[in-house]
Structure formats: C-alpha cells, structure tokens
Amino acid sequence: FLATAAANEFIAGVVGWVDLTAPDLAEQLAALRAGPGGAKLVGIRHQVHDEADPEWLGRPDVRRGITAVGKAGLAYDILVRARELPSALALVRDFPSMRFVVDHIAKPPITSGAIAEWAARLRPLAEYPNVFCKLSGMVTEADWKSWRVDDFAPYVSRVLEWFGPDRCAFGSDWPVCLVAGSYARVIDACRELVPPAARERVFGANAAELYRLPVPAPVERRS
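When we follow our numbering, the leftmost residue of the sequence shown carries the number 810, and every step to the right adds one.
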C-alpha cells in the first residue's frame, strides 16, 4: 500500500497493519517510514474484534506495540465492537497524548436496531479530546439488500452529539462497502445525516487533523 501511495499523488496517507506484538516493532516502523511511500504512513490499525480475548488491547505486549506507534508519531485506529470498548476506554485513558480514532462507530448491531450496550460503552470514549470517531462501516452492519439512511440516523446523531462535529470523520470503508452499496451511495447516505455546517470538517478537515495530512492549497478560480 505504501508503494501504491508513493506512485499516486492523490493518496494523502495510509493507515496500515503491523504486528503490534513484535518485539522489534519500533525498528519495523522506522524501516517502513524510510522506504518508498513511508512518508505517507499516518496510522496503524488492527482488527481487534477478531481477537478471542476482549481484553486484547490491555495485554503488555500489545501496549508495548501501541507505545511504539505513538512514539513514531502515528495515530492508532481502534477497530472494535461493543464487546471490546471497555478495554479501548482503558487504552485511551492510559495514552492521553496519543491520537486515536474509533473506526466504524464501533460496529453497532444496526440490523437489530439495538443501541443500549453500544451507546453505554462508546460514549465514555468521547470524553477524551484525543479520540475521534469515524463515520464508516455502517452499511455492512445493516441489511445489505434493504438498508435505508434512516437506519443509521440513531447512531450517527449520537456520535455527532458525543464527539462533536470537530472529532467525527467520514470514512467510506471502500471496497468492503461494495457488498452493501456503491461508493457514491455510501457518501450520499452520510452526507444526508451530517448537518451542512459540519460537512467541511467531517468530510475532510477532521481527517487531516487526525492523521496530520497535508491540506491542499485552495484552487484559484478564474472567471
């Protein structure tokens, strides 16, 4: 992915995967950043919800790896479900100077419409100013064939309320989203749920702040 980013100017940054338990992770990150496209490495993500242990984020070897990610100046994407949110809360509490983002609004069970457990466990993370939340991955948590924008409204409205429009960022989850909807349809659904006054930040500025991406200069308009 870094090589692809190096070859394509329109790719501003890459959130990649590494083995957070690797003893030499700091050296691996340094090598990645020194290689082709390494300057575009902006964050690390691990699919924590696939781990059998709901307290995986609290393991000493994992914490050591996340420390290395932070020291490298990278953000960490928290990819969890409600089950793992308590350990995610402990993580952000212990790393107050590191930048975090909760991916896919913590994958709520949209198909069932359940909210209570997800809400009770996600809301406390919003109290930490170094934690963002990504409005992404919702269509694949809903009914792939029959979802409607209204299905997402109870979740998006809460996330916007808790984190505020300055710490929410849109994510397409492309190409995974294609099993449930086109790229354009996913964008349109989220735009419909985000107030117009917040769209500039949610659809660009917040991600630039979170991942320390270069902000392109405005295009000069000619009459």
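Even glycine gets a Cβ: it sits at the ideal position worked out from N, Cα and C.
Check: Short Cβ contact (8 Å threshold) for K780 with V824; Outcome: The structure shown does not extend to residue 780, since the chain is modelled only from 810 to 1032, so the question has no answer here.
Check: Of the listed residues L834, G874 and K916, nearest to D859 (C-alpha basis); Outcome: K916
Check: Three-way DSSP call (helix, strand, coil) for G879 in this model; Outcome: helix
Check: Neighbourhood of S871 by C-beta distance below 7 Å, restricted to the same chain and skipping five residues each side; Outcome: Checking the sequence shown, residue 871 turns out to be Val, not Ser. Hits under 7 Å: L829, T830 and W865.
Check: Closest residue to P845 among C986, T813, Y1020 and D982 (Cα-Cα distance); Outcome: T813
Check: Sheet register partners of D886 (DSSP bridge); Outcome: R854 and V910
Check: Cβ pair V958, F909 closer than 8 Å; Outcome: no
Check: Endpoints, beta strand (DSSP E) assigned at V985; Outcome: Run containing V985: none; DSSP gives neither H nor E here.
Check: Burial state of R902, where buried means 16 or more other Cβ atoms lie within 10 Å; Outcome: exposed
Check: Residues near V988 by beta carbon distance below 7 Å, same chain, minus five either side; Outcome: T949 and W953
Check: Nearest-angstrom Cα separation, counted from L838 out to F810; Outcome: 14 Å
Check: Inter-stretch contact (C-beta, 8 Å, three-pair minimum) for the segment 975 to 983 and the segment 1010 to 1019; Outcome: yes
Check: Backbone secondary structure at A891 - three-state DSSP; Outcome: helix
Check: Length-filtered (4 minimum) alpha helix (DSSP H) runs lying within the segment 927 to 1010; Outcome: 958 to 972 and 992 to 1002
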